[in-house]
Amino acid sequence: MSIITLSNSIIIAQIKTLGAELCSLKDNTKRDYIWEGNPAFWGKHSPVLFPIVGTLKNNVFYHNDTEYTLSRHGFARDMEFQLVEKTDNSATFSLQSNSETLKNYPFKFELQIQYILIGTTLELTYRVINKDNTDIPFSIGAHPAFALPSNFEEYSLVFEEVEPLEYTLLENDLVSKQTEKIKTNSNTVPLTYELFERDALIFKTLKSNSLTIVEKENPILKVRFEDFPNLGIWTKVGAPFICIEPWFGYSDTTENTGNLFEKEGIIVLKTDTTFQAKFSIEIL
187 MSIITLSNSI IIAQIKTLGA ELCSLKDNTK RDYIWEGNPA FWGKHSPVLF
237 PIVGTLKNNV FYHNDTEYTL SRHGFARDME FQLVEKTDNS ATFSLQSNSE
287 TLKNYPFKFE LQIQYILIGT TLELTYRVIN KDNTDIPFSI GAHPAFALPS
337 NFEEYSLVFE EVEPLEYTLL ENDLVSKQTE KIKTNSNTVP LTYELFERDA
387 LIFKTLKSNS LTIVEKENPI LKVRFEDFPN LGIWTKVGAP FICIEPWFGY
437 SDTTENTGNL FEKEGIIVLK TDTTFQAKFS IEIL
């Protein structure tokens, strides 16, 4: 594993070749907006979730009468990517299917992750290329954790739109039929650990295309995710970070059949075609 550094005159980003994982994003004040990855709380920074988001029922799926095992959030985050293109302010990483991935996910693909610095913004683009002779099913998502060095309850999230903030609850890591609404009369949600006592908040149908993190009434960071239909928000109770997670798809439902092609939220990509989606992180 190595660490690739990107910079312009305003911000610096660092990305690990392991998982093509963003591990640092600093401005000229040297403040790092990405969680340090302290394993006492959570040992990741910003993993990519592929070829699934969340958890499969019993961690398995079936294809052509064969059972396959995929662990939570898939394998991409734990694999070494190849750096295929690099400039001062951009880098593109690639992961290709191989004999190891085919044991757990029997489809041929290439996953590219591109990082570009534009002013005070880091733009991330995901590309999935179907290299198989059949359709391939997948989910993909981001999991960036943003460091909150002050008291957790001194932060709030501001949604782009004023809307009913209805989220779906997890049940034993699977998506349940139970939903709840965040109690607010505006688009601002003060952060409390109580919100996350039952794990992540899963939003399936937000109108908002961005979220802003506010620290002591000062906006510090904006995440834009207009390409992504689903969003997760998560922290561990007691941890000094918040994850804002743009997703295509989410965990299996409790009624899931084990057929990836029938999975709620799944993308089915035709042969010789490319899927692309991007999101961005802006330091304010």
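Residues in the sequence shown are numbered consecutively from 187, following the working numbering.
Idealized CB from N, CA, C, for every residue including glycine.
Original post:
Which residue's Cα is closest to the Cα of K449: S257, L208, Y248?
Top reply: Indexing the sequence shown from 1 puts residue 449 at position 263. Here the closest residue by C-alpha is Y248.
Original post:
What number of angstroms, rounded off, separates the C-alpha of F434 from the C-alpha of K230?
Top reply: By 1-based counting over the sequence shown, the position of residue 434 is 248. By 1-based counting over the sequence shown, the position of residue 230 is 44. Using only the alpha carbons, I get a separation of about 20 angstroms.
Original post:
Counting Cβ pairs, one atom from each stretch, are 3 or more of them under 8 angstroms apart for the stretch 313-332 and the stretch 287-297?
Top reply: yes
**OP:** Give the DSSP-derived three-state secondary structure of D218 in the structure shown.
**Re:** Translated into positions along the sequence shown, residue 218 becomes position 32. Here D218 sits in strand by DSSP.
Original post:
With DSSP run on the structure shown, which of helix, strand or coil describes S285?
Top reply: Mapped onto the sequence shown, residue 285 falls at position 99. Here DSSP, grouped into helix, strand and coil, assigns S285 to helix.
**OP:** Check whether the Cβ atoms of T241 and D359 lie closer than 8 angstroms to each other.
**Re:** Translated into positions along the sequence shown, residue 241 becomes position 55. Translated into positions along the sequence shown, residue 359 becomes position 173. T241 places its beta carbon less than 8 angstroms from that of D359.
**OP:** Look up R263 in the DSSP assignment and say whether it is helix, strand or coil.
**Re:** Walking along the sequence shown from the start, residue 263 turns up at place 77. DSSP places R263 in helix when its eight states are reduced to three.
Subject >> Spatial neighbours of T557 in its chain, beta-carbon cut-off 6 angstroms, leaving aside the 5 residues before and after >> reply: Residue 557 cannot be examined here, being either before or after the span of the chain that is shown, 187 to 470.
Original post:
Using CA coordinates, which residue listed in L355, T459, P350, T457 is at the minimum distance from T370?
Top reply: In the sequence shown, the residue the question calls residue 370 occupies position 184. Checked all of L355, T459, P350, T457; the closest Cα to T370 is P350.
**OP:** Please state whether DSSP places L351 in a helix, a strand or coil.
**Re:** As a working note, residue 351 is residue 165 in the sequence shown. L351 falls in the coil class under three-state DSSP.
Subject >> Same chain, Cβ closer than 6 angstroms to E271, neighbours up to 5 away in sequence not counted >> reply: Working through the sequence shown from its first residue, we reach residue 271 at position 85. Closer than 6 angstroms at the Cβ level, and outside the excluded window around E271, lie T278.
**OP:** Tell me where the beta strand (DSSP E) around P432 begins and ends.
**Re:** Position 246 of the sequence shown holds residue 432. Here the beta strand (DSSP E) through P432 covers 427-434.
Original post:
Grouping DSSP H, G and I as helix and E and B as strand, with all else coil, what is L446?
Top reply: Numbered from its first residue, the sequence shown carries residue 446 at position 260. Note: L446 maps to helix in three-state DSSP.
Subject >> Residue span of the beta strand (DSSP E) that contains I388, given as start and end >> reply: Mapped onto the sequence shown, residue 388 falls at position 202. That run of the beta strand (DSSP E) goes 387-389.
Original post:
What three-state label does DSSP hand K272 in the structure shown?
Top reply: Your numbering for residue 272 matches position 86 in the sequence shown. Note: K272 maps to strand in three-state DSSP.
Original post:
DSSP puts L360 in a beta bridge; with which residues?
Top reply: For the purposes of this step, residue 360 is taken as residue 174 along the sequence shown, with counting starting at 1. Answer by DSSP bridge pairing, in chain order: E357.
Original post:
Just how far apart, CA to CA, sit K367 and N319?
Top reply: On the sequence shown, position 181 is the one that residue 367 refers to. On the sequence shown, position 133 is the one that residue 319 refers to. Looking at the two C-alpha atoms, the distance is approximately 43 angstroms.
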